[in-house]
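A.B. asks: Have a look at the structure that comes next, please.
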Ligand SMILES: [Zn+2]
């Protein structure tokens with residue numbers, strides 16, 4: 001029975017359904033049907049612009065974004081779907097805090113909705129460090145369908161891992 005590491009904490013009946021879909025080799029098809037649109041955010045530059053655009057729309061006041069990139073060394077689960085690092089640098093004699101967002105490169109080829117989910121997640125961390133209520137409210141402010149998308153992104157990662165086994 002697969003451990004479903006991407007779905008830790010979700011209710012058991014739900015996990016049973018997922019196991020069944022995996023056993024029947026149907027999870028991939030279900031997701032593909034629900035999320036047929038891929039995105040075209042391929043390069044780090046495009047990812048920066050994409051992230052910047054969302055930030056300007058919803059979080060204009062928060063700390064500046066220093067760097068945004070895909071990272072193929074990132075383990076999605078270990079870093080809670082991405083990383084959010086505060087980088088301190090000396091610039092012109094002054095210490096400046098800026099933010100860096102890294103997105104696991106598995107999202108480079110993912111459905112558009114999942115990239116959006118992950119970027120919204122990381123942007124919300126600019127204001128809220130923890131995965132608390134305020135954090136999820138902010139995510140839903142940027143993407144009303146956030147909770148569903150996060151779950152489906154976890155399903156997507158589960159499916160990829162299953163295929164790789
Ligand atoms: Zn997080």
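In the UniProt record's numbering, the protein residues as written are 1 to 165. The beta-carbon is built from N, C-alpha and C at its ideal position, and this holds for glycine as well. Being a predicted model, the structure only gives us computed values, none of them experimental.
(1) What are the boundary residues of the beta strand (DSSP E) that includes residue 190?
(2) Just the Cα atoms here: how many angstroms apart are residue 40 and residue 141?
(3) For residue 160, which three-state DSSP category applies?
(4) What residue range is occupied by the uninterrupted alpha helix (DSSP H) comprising residue 29?
(5) Report buried or exposed for residue 11, applying the criterion of at least 16 other Cβ atoms within 10 angstroms of its Cβ.
(6) Under 7 Å from any heavy atom of ligand 1, does the C-beta of residue 141 make it?
(7) Short check: CB of residue 68 to CB of residue 38, under 8 Å?
(8) For residue 105, which residues in the same chain have their Cβ closer than 8 Å to its Cβ, ignoring the five residues on either side in sequence?
(9) For the candidate residues 156, 139, 148, 29, whose alpha-carbon lies nearest to that of residue 109?
(10) Looking only at its chain, what residues have a beta carbon closer than 7 Å to the beta carbon of residue 42, apart from the 5 residues adjacent to it on each side?
(11) Which residue or residues does DSSP assign as beta-bridge partners of residue 104?
(12) Look up residue 52 in the DSSP assignment and say whether it is helix, strand or coil.
(13) Any heavy atom of ligand 1 closer than 7 Å to the beta-carbon of residue 39?
(14) Beta-carbon separation of residue 134 and residue 128 under 8 Å?
(15) Got a sec: does ligand 1 put a non-hydrogen atom nearer than 7 Å to the Cβ of residue 162?
(16) Would you give the residue range spanned by the alpha helix (DSSP H) that residue 19 belongs to?
C.D. replies: In brief:
(1) No answer is possible for residue 190: the residues shown for the chain start at 1 and end at 165.
(2) If you draw a straight line from the Cα of residue 40 to the Cα of residue 141, it comes to about 24 Å.
(3) It is helical.
(4) Residues 27-34.
(5) Exposed, by the Cβ-count rule.
(6) Outside the cutoff, so no.
(7) Taking a C-beta distance under 8 Å as the contact criterion, residue 68 and residue 38 do not qualify as a contact pair.
(8) Once the five neighbours on either side are set aside, the close Cβ partners of residue 105 are 70, 71, 72, 74.
(9) Among 156, 139, 148, 29, the Cα nearest to that of residue 109 belongs to 156.
(10) If you ignore the 5 residues before and after residue 42, its C-beta comes within less than 7 Å of the C-beta of 108, all in its own chain and listed in chain order.
(11) Answer by DSSP bridge pairing, in chain order: 71.
(12) Of the three classes helix, strand and coil, the one that applies to residue 52 here is helix, per DSSP.
(13) Because no heavy atom of ligand 1 lies under 7 Å away, the Cβ of residue 39 does not count as near it: no.
(14) Yes. Within cutoff.
(15) Residue 162 Cβ: outside cutoff for every heavy atom of ligand 1.
(16) 12-23 is the extent of the alpha helix (DSSP H) around residue 19.
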